[in-house]
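Visitor: Numbering (this note's numbering), first residue to last: 825 to 1016.
C-beta: ideal position from N, C-alpha, C; glycine also.
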């Protein structure tokens, strides 16, 4: 996971003070992760390149743990005062966090990754269901009172599509895969 000279490092997250900060930092991680070399490590002795990839994935795992701690602390303080839109954004963030965890999971410690990650897959599906239900029952924020993160949830970066795609690509639990597929289709139809 060598950084190009033009690529910003993962931001430090000693604490999270707003949903916008949580969104921006996780979006940066998500984008870096998608650009990284996540090919499965070959069996046998590690070469220089495979060692570098393994170290990079460990850096992502460590960063995601720190982000989760900061986000949990933020929720402990702010949860009781959040409106429906903020709670929906929290669900989007958590679904993306779980998708990142799945993408950086160590295949050597998880021989049957789909079974080992069933809890994460289920949580992503349930979070996506809650997000889509909230969007159906709640009006979208108007341009006058929307934050940049809320103004257009689809184009602002993180949404439930990416996490649902992770479930569709990696989950072998048919019930969860089917639910994710239905949500993904429903999500795409609602955008048309």
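For residue 903, is the classification buried or exposed, using 16 other Cβ atoms within 10 angstroms of its Cβ as the cut-off for buried?
Guide: Answer is exposed; the Cβ neighbour count stays below 16.
Visitor: For the candidate residues 990, 847 and 985, whose alpha-carbon lies nearest to that of residue 1010?
Guide: Nearest C-alpha to residue 1010: 985.
Visitor: Are residue 946 and residue 1000 touching if we call contact CB-CB under 8 Å?
Guide: Taking 8 Å as the Cβ cut-off, residue 946 and residue 1000 qualify as a contacting pair.
Visitor: If contact is defined by three or more beta carbon pairs under 8 Å, each pair taking one atom from either stretch, is the stretch 923 to 930 in contact with the stretch 896 to 914?
Guide: Because the criterion of three Cβ pairs below 8 Å is not met, the stretch 896 to 914 and the stretch 923 to 930 do not touch.
Visitor: I need the DSSP call for residue 971, collapsed to helix, strand or coil.
Guide: At residue 971 the pLDDT is 48, less than 50, meaning the model places this residue with poor confidence; the figure from the coordinates comes in the next sentence. Coil, per DSSP.
Visitor: Does DSSP put residue 899 in a helix, in a strand, or in coil?
Guide: Here residue 899 sits in helix by DSSP.
Visitor: Drop a sphere of 10 angstroms on the beta-carbon of residue 960, count the other beta-carbons inside from all chains shown, and report buried for 16 or more, exposed for fewer.
Guide: Exposed, because fewer than 16 other Cβ atoms sit within 10 Å of the Cβ of residue 960.
Visitor: Would you tell me roughly how many angstroms separate the C-alpha atoms of residue 987 and residue 948, rounded to the nearest one?
Guide: Going from the Cα of residue 987 to the Cα of residue 948 covers about 7 Å.
Visitor: How big is the Cα-Cα spacing for residue 958 and residue 918?
Guide: For residue 958 and residue 918, the distance between alpha carbons rounds to 15 Å.
Visitor: According to DSSP, is residue 836 part of a helix, a strand, or is it coil?
Guide: Coil, per DSSP.
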